[in-house]
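Numbering-wise, my numbering comes out as the position in the sequence shown, counting from 1, plus 12.
We put the CB at the ideal spot given by N, CA and C, even for glycine.
To start, the structure under review is shown below, and the notes come after it.
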Amino acid sequence: MQHVFHGQLTEAHNKRHLPHKFLVPPACTRLSLRLHFEPAQAGDARNMLTLTLFDPAGFRGAGHRGGNLHELYLAPDSATAGYIAGPLPAGTWIAQIDAHRVGAEEPCTYSLTVTVETAGGAVAEKTGAVAPPDFDRVLSSTPGWYRGDLHAHTRHSDGDWDEADLVAAARAERLDFVALTDHNTVSGLASFAGLGGDHLLTMGGLELTTFWGHAVCLGLSEWLDWRVDASGTAMANIARSLQSSGAHFAIAHPRSPGDPYCTGCRWLYPDMMPGPARCVEVWNGPWVPPGGAPSYNEEGLALWYQWLNAGFHLVATAGSDAHSLADYRNRPGFNVVYADDLSQSAILRGVAAGHLYLSSGPTLQLRASQTGERTAMMGDHLKVDSHAGDLCLEASCTLCPPDSLLRLVENGQVIDEVPVSGAAEHTWEQPANPGTWYLMELRDRHHEMLALTNPIFFTAGD
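The structure is reproduced here in structure tokens:
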């Protein structure tokens with residue numbers, strides 16, 4: 013049995029979801045779908061259509077990848093990467109074409125073919141939801157600093173490697189944790205969960221990849237509906253829901269180049285600047301893109317400083333955004349988190365508290381105190397008395413390349429810069445002004461970021 017759909021899209025269909033309903037009879041053993049569209053290119057950028065699939069009960073997968081030909085299948089025991097194997101229940105299914113970009117130069121014509129295969133005789137249909145993957149494990153009960161990656165992709169979306177390749181690269185990098193965040197799908201998480209252990213924690217998540225911005229969501233193993241409006245109201249509700257449950261929501265690469273070359277990559281939600289979001293991915297991939305292109309991470313850093321000065325105490329995170337082994341070889345930023353133990357929940361608590369720094373290699377820490385009393389670490393809020401003496405800010409770093417620059421940043425402005433090489437420690441005495449925040453940047457001789465701390469915030473004492 014086949015269902016065939018044809019259509020023509022224009023620029024007016026941009027950033028719309030186009031549902032195509034079809035019936036699946038009882039005893040279905042395999043579904044095959046083929047989406048083809050022309051032209052692949054519109055002007056100097058590509059047209060981009062992707063395919064999301066729903067069965068009568070909900071999400072069955074998404075293929076967020078490029079190209080103008082998408083072919084996939086689902087069967088009870090296997091499926092194309094991005095889609096979820098399992099029972100093929102009778103009823104109304106939906107093949108949704110997601111129009112990320114349709115160029116204005118000429119219409120885009122598509123054909124969608126759904127092939128339904130059934131058994132010769134009756135097949136007993138299995139019922140019940142597939143159990144979500146289990147990431148609830150503790151690999152070390154020791155409190156300490158743990159280094160890892162919060163943003164990576166595989167063939168389940170637009171990556172060029174599979175889950176085992178990602179895990180192997182994380183082990184070679186000697187990471188303590190790594191998260192899988194494929195675009196709008198959780199199909200790779202079941203196998204990814206089973207690849208952890210032996211000192212490497214695997215973590216569950218996805219990259220919520222919408223038409224007006226991306227968000228890294230962690231601490232989950234089930235699909236999130238990314239069909240939100242342009243205002244950001246629904247996106248804000250997602251952020252609140254995840255954060256209230258102990259999960260993680262981070263605005264991803266907010267100043268990445270956007271349409272038409274990277275559709276949806278730039279953060280454009282007017283009600284989420286930053287709204288209820290508590291984290292922002294300031295460091296995406298390598299600090300400076302290969303080939304010497306301008307660094308959108310510098311723009312993201314400036315935006316974060318702007319939000320901090322506006323009173324939004326967002327936590328900065330990093331993500332390799334790796335799609336292949338080559339991306340791990342380009343010196344991406346990783347997260348070094350102080351956590352109670354090596355578990356998904358503890359890592360996410362450490363991130364939420366701001367107890368982390370970002371680094372492509374060196375170590376970097378910042379501590380603060382007043383009159384020798386309670387010491388604050390990165391992410392902390394320290395109550396101070398402006399009449400009780402200066403603040404003591406102590407920074408330490410190791411593995412610094414020759415002629416690196418250790419910078420003290422106050423409220424977004426560099427107020428001191430110290431040359432360092434190898435290992436170094438430095439102390440500053442600063443006025444105890446409530447409402448001030450400090451952090452450290454470590455840059456190389458060419459001013460490329462090597463490491464970045466989260467701020468310490470100073471508030472008025474009782």
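Establish whether the CB of residue i and some CB of chain C are separated by less than 8 Å.
| i | result |
| --- | --- |
| Gly424 | In summary, chain C is missing from the structure at hand, where a single protein chain is found. |
Cα separation between residue i and residue j?
| i | j | result |
| --- | --- | --- |
| Ala136 | Pro101 | Residue placement at Ala136 is flagged as unreliable, the pLDDT there being 47, under the threshold of 50; the coordinate-derived value follows with that caveat. Answer to the nearest angstrom: the Cα atoms are 10 Å apart. |
| Phe207 | Thr375 | The residue asked about is misnamed: residue 207 is Leu in this sequence, not Phe. Going by the C-alpha atoms only, they are around 28 Å apart. |
| Pro88 | Phe66 | 15 Å |
| Ala365 | Gly391 | 6 Å |
| Thr330 | Glu83 | What sits at residue 330 in the sequence shown is Ala, not Thr. Roughly 33 Å separates the two Cα atoms. |
| Ala328 | Ile106 | 38 Å |
| Lys27 | Ala205 | 33 Å |
| Cys40 | Asn196 | 26 Å |
| Gly140 | Leu405 | Low confidence applies to Gly140: its pLDDT is 49, below 50, so where it sits in the model is not reliable, and the reading given next is rough at best. Cα to Cα, Gly140 sits roughly 57 Å from Leu405. |
| Ala400 | Thr471 | 14 Å |
| Leu232 | Thr383 | 43 Å |
| Ser372 | Leu462 | 6 Å |
| Ala242 | Cys274 | 17 Å |
| Gly216 | Phe147 | 7 Å |
| Glu175 | Ser408 | 36 Å |
| Ser433 | Gly78 | 44 Å |
| His168 | Thr193 | 10 Å |
| Glu311 | Glu429 | 21 Å |
| Ser153 | Ser355 | 8 Å |
| Met13 | Ala264 | 42 Å |
| Gly160 | Ala181 | 12 Å |
| Asp170 | Asn249 | 27 Å |
| His25 | Trp449 | 45 Å |
| Glu293 | Gly209 | 26 Å |
| Pro269 | Pro99 | 40 Å |
| Pro172 | Ser199 | First, the residue type needs correcting, since residue 172 is Asp and not Pro in the sequence shown. Approximately 16 Å between the Cα atoms of the pair. |
| Cys277 | Ser44 | 30 Å |
| Tyr95 | His165 | 15 Å |
| Glu50 | Leu63 | 15 Å |
| Gly225 | Ser307 | 18 Å |
| Ser256 | Ala246 | 15 Å |
Check whether the Cβ atoms of residue i and residue j sit closer than 8 Å, and answer yes or no.
| i | j | result |
| --- | --- | --- |
| Ala202 | Pro145 | yes |
| Leu86 | Ala74 | no |
| Phe34 | His48 | no |
| Leu378 | Leu451 | yes |
| Pro68 | Thr104 | yes |
| Asp110 | Leu162 | no |
| Ala259 | Cys229 | yes |
| Asp271 | Gly297 | no |
| Leu212 | Val179 | yes |
| Ala52 | Asn80 | yes |
| Tyr158 | Gly19 | no |
| Ala322 | Pro288 | no |
| Pro119 | Leu30 | no |
| Arg46 | Thr125 | yes |
| Phe469 | His325 | yes |
| Ala1 | Leu417 | Beyond the ends of the chain as shown, which are 13 and 474, falls residue 1; an answer cannot be given. |
| Trp295 | Leu151 | no |
Under the DSSP definition of a beta bridge, which residues are partnered with residue i?
| i | result |
| --- | --- |
| Ile468 | Tyr450 |
| Arg58 | Gln53 |
| Trp319 | DSSP, once it has assigned bridges, lists no residue as partnering Trp319. |
| Glu441 | Cys404 |
| Ser152 | Leu354 |
| Ile10 | This structure does not reach residue 10, given that the chain is present from 13 up to 474, and the question cannot be answered. |
| Thr121 | Gln20, Glu50 |
| His15 | Val126 |
| Trp295 | Ala330 |
Please determine whether the Cβ atom of residue i lies at a distance below 7 Å from any heavy atom of the ligand MG.
| i | result |
| --- | --- |
| Thr383 | The ligand MG is absent from the structure shown, which contains no ligand whatsoever. |
(request) Take every Cβ of the stretch 453 to 470, pair it with every Cβ of the stretch 410 to 428, and state whether three or more of those distances are shorter than 8 Å. (result) With a cut-off of 8 Å, the stretch 410 to 428 and the stretch 453 to 470 count as touching, because enough Cβ pairs lie within range.
(request) Evaluate contact between the stretch 186 to 193 and the stretch 101 to 116, counting only Cβ atoms and requiring at least three cross-stretch pairs below 8 Å. (result) No, they do not touch.
(request) Entirely within the stretch 217 to 287 and at least 3 residues each: give me those beta strand (DSSP E) ranges in chain order. (result) Listed in chain order, they are 225 to 230, 260 to 263.
(request) Give a yes or no on contact between the stretch 344 to 356 and the stretch 435 to 452, applying the rule of three or more CB pairs nearer than 8 Å. (result) The stretch 344 to 356 vs the stretch 435 to 452: no contact.
(request) Report yes or no: do three or more beta-carbon pairs, one from the stretch 316 to 333 and one from the stretch 273 to 282, lie closer than 8 Å? (result) Output reads no: the stretch 273 to 282 does not touch the stretch 316 to 333.
(request) Specify whether the stretch 394 to 406 and the stretch 422 to 436 touch according to this definition: at least 3 beta carbon pairs, one from each stretch, less than 8 Å apart. (result) Judged by Cβ distances under 8 Å, the stretch 394 to 406 makes no contact with the stretch 422 to 436, as fewer than three pairs qualify.
(message) So, does the stretch 290 to 303 touch the stretch 232 to 239, judging by three or more C-beta pairs under 8 Å?
(response) Verdict: no, contact absent.
(message) Within 8 Å, do at least three Cβ pairs link the stretch 332 to 340 to the stretch 352 to 361?
(response) Not touching, per the Cβ criterion.
(request) May I have a chain-ordered list of the beta strand (DSSP E) segments no shorter than 3 residues that lie completely inside the stretch 365 to 406? (result) Listed in chain order, the complete beta strand (DSSP E) runs (minimum 3 residues) inside the stretch 365 to 406 are 368 to 371, 375 to 382, 393 to 396.
(message) Could you tell me which whole alpha helix (DSSP H) segments of length 4 or greater appear in the stretch 141 to 211?
(response) Taking only runs of at least 4 residues, the alpha helix (DSSP H) segments lying wholly in the stretch 141 to 211 are 175 to 184, 201 to 205.
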